[in-house]
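Residue numbers (our numbering): 4 to 479.
Just so you know, even glycine gets a beta-carbon here, dropped at the ideal spot from N, CA and C.
The structure appears below as structure tokens.
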Ligand code: ADP
Ligand code: MG
Ligand code: MG
């Protein structure tokens, strides 16, 4: 690796062992923390969040390109969320076969019918990319997906730069250590939450983090909470069942949970079917959506983040619908699109199926799911598409070109895992934060970045799934 960490360091076993100890201690000192799997709801036993020993080289031009396009992605997601005709058309075939998306869509329709109670919109998202390696060794930025609900690691990634700086210094790489970028998504995300809370306009009202049953990654959220408490904004952490049992709307549709008025609901849960364990959970989601509280995200922004919408956006002319007079913006967004193909019924979808069956290793088959581990690869693609033959089952998925990033060697530090060198692939995320009131965009920002790295043996899965680990870009 020419511009990364030289082999004399990478291959020096004794040095690597020392550096790994130094790195873990520094991660603990800097607060790159996670609760342990055995006790996810207690902070009595915590460990470092998994991370790479070294930062990963990332070409500066593509990194800057990802940052530069983020505010346009924010605008795009926000415009989609305000276009019910587009959402209806884009998701029509999906909701016929995918019960989860259909259920979300029904809430969206009910809110449309009743009229939105709140005109303040708060969007926190993360657009994820891989750098596709060209034959000439060049790399181009390709979006994997955009997460419009519960996008994580904005907190912990604010603390990882100092860990890698320290490791590089101890390894004698002072110049490289100075090239690790500052990063503070926690502050940017909290800034947008604070703005939405302020616009809501009640000092007593709280920001409610809607959290999961199992809270292993709580420290990631605590960073954002701390930033808000510093501004004297009260935070409450509640689960769906708390909302079911104690939630209500008053005559003005103000949301009350456990006796607290809620100004902002920040969803860190509710993105996958398993999060909705009962009808009461769905009722709680609906209650929050109908309320005057600012939702992050609201139901239509949640739907704007589906993979089906991503595929429809890649069709000719669709971006132009959202940016009719801004060809440069269209160009900037479109440049990040990988090949995306419909599986709708009809000749176009048939063509997609034939293409996938002929060369399954060139593609990824994606259902409308979040949280990692749901995509389908290789011969399994053929199995699924053949099983769906003659039915509409295939419309639950989209097909996407597989992106091939250049592998890089690194050590993945993870509790109880042996220290060994791995061939790794990285995924770059960029955080977006925006606030709108009615027609006025009050804030639209790129809030920072996240690099996650996994062993190339794994085709899928994030940090929470135990596959990827936290990393930092080393710009080259
Ligand atoms: P999720 O919402 O579950 O995170 P993603 O679209 O991010 O779904 O896919 C999960 C993982 O699968 C990604 O983090 C990446 O590792 C891999 N992946 C997804 N799409 C592609 C692709 N087009 N090419 C290569 N790998 C992909
Ligand atoms: Mg996702
Ligand atoms: Mg993802």
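What residues are listed by DSSP as bridge partners for residue 241?
Looking at the DSSP output, residue 241 sits in a beta bridge with 213.
Mind checking whether residue 431 and residue 156 have CB atoms under 7 Å apart?
No, the Cβ-Cβ distance between residue 431 and residue 156 is not below 7 Å.
Note the first and the last residue of the continuous alpha helix (DSSP H) segment covering residue 479.
Premise fails: residue 479 is in no alpha helix (DSSP H) and is neither H nor E.
Residue 435 by DSSP, collapsed to three states: which one?
In the three-state DSSP reduction, residue 435 falls in the strand class (E or B).
Which first and last residues belong to the beta strand (DSSP E) in which residue 60 is found?
For residue 60, the uninterrupted beta strand (DSSP E) segment begins and ends at 59 to 61.
For residue 201, which three-state DSSP category applies?
Helix, per DSSP.
If you measure between the beta carbons of residue 223 and residue 33, is that distance less than 7 Å?
Between residue 223 and residue 33, the gap from beta carbon to beta carbon reaches 7 Å or more.
Separation of residue 455 from residue 461, as counted between CA atoms:
For residue 461 and residue 455, the distance between alpha carbons rounds to 13 Å.
Cβ neighbours of residue 75 in the same chain (closer than 7 Å, five flanking residues each side left out):
The beta carbon of residue 75 sits closer than 7 Å to those of 332, 335, 336, all from its chain and outside the five residues before and after it, given in chain order.
Pick out every residue whose C-beta is nearer than 7 Å to a heavy atom of ligand 3: which are they, in chain order?
This selection yields 131, 147, 148, 150, 375, 465.
Residue 97, DSSP secondary structure in three states
Reduced to three states, the DSSP call for residue 97 is helix.
For residue 178 and residue 95, what's the separation of their Cα atoms in angstroms?
Straight-line Cα distance between these residues: approximately 54 Å.
What separation, rounded to the nearest whole angstrom, lies between the Cα atoms of residue 384 and residue 366?
Straight-line measurement puts the Cα of residue 366 at about 9 Å from the Cα of residue 384.
For residue 375 and residue 369, what's the separation of their Cα atoms in angstroms?
Counting only the Cα atoms, residue 369 lies some 11 Å from residue 375.
For the 8 Å Cβ check, are there 3 or more pairs between the stretch 82 to 93 and the stretch 312 to 325?
When C-beta atoms of the stretch 82 to 93 are compared with those of the stretch 312 to 325, three or more pairs fall below 8 Å, so the two segments count as touching.
On the CB-based measure, 16 or more other CB atoms within 10 Å of its CB, does residue 5 come out buried or exposed?
Residue confidence is low: residue 5 scores 44 on pLDDT, short of 50, so the model does not pin down where it sits. Its coordinate-derived value is still stated next. Result: exposed.
Figure out for me which residue from 10, 403, 388, 330 has the closest Cα to the Cα of residue 500.
A query on residue 500 cannot be resolved here, the shown segment of the chain reaching from 4 to 479 and no further.
Assigned secondary structure, residue 457 (DSSP; H/G/I helix, E/B strand, else coil):
Secondary structure at residue 457: strand, using DSSP grouped into helix, strand and coil.
Residue 303 - DSSP class collapsed to helix/strand/coil
Helix at residue 303.
Would the C-beta of residue 387 count as close to ligand 1, meaning under 6 Å from any of its heavy atoms?
Every heavy atom of ligand 1 is 6 Å or more from the Cβ of residue 387, so no.
Beta-carbon separation of residue 362 and residue 340 under 7 Å?
No, Cβ-Cβ distance for residue 362 and residue 340 is not below 7 Å.
Check the DSSP bridge columns for residue 129 and list the partner residues they point to.
Within the DSSP bridge table, the entry for residue 129 names 150, 434 as partners.
Put residue 122 into one of helix, strand or coil per three-state DSSP.
Coil, per DSSP.
With DSSP collapsed to three states, give me the class of residue 451.
Here residue 451 sits in strand by DSSP.
Quick one: using the 10 Å Cβ neighbour count with 16 as the cut-off for buried, is residue 14 buried or exposed?
With fewer than 16 Cβ atoms within 10 Å of its Cβ, residue 14 is classed as exposed.
Boundaries (first-last residue) of the alpha helix (DSSP H) holding residue 169:
Start and end: 163 to 173.
Mind checking whether the beta-carbon of residue 463 lies closer than 6 Å to any heavy atom of ligand 1?
With a threshold of 6 Å, the Cβ atom of residue 463 counts as near ligand 1, since some heavy atom of the ligand is closer than that.
Does the structure place the stretch 124 to 140 close enough to the stretch 400 to 413 that three or more beta carbon pairs sit under 8 Å?
Touching, per the Cβ criterion.
In or out: residue 64 buried (at least 16 other Cβ within 10 Å) or exposed?
Per the 10 Å Cβ criterion, exposed.
Looking only at its own chain, which residues have a Cβ that is under 7 Å from the Cβ of residue 173, when we skip the five neighbours before and after it?
Residues of the same chain with a CB within less than 7 Å of the CB of residue 173, apart from the 5 flanking positions on each side, are 22, 25 in chain order.
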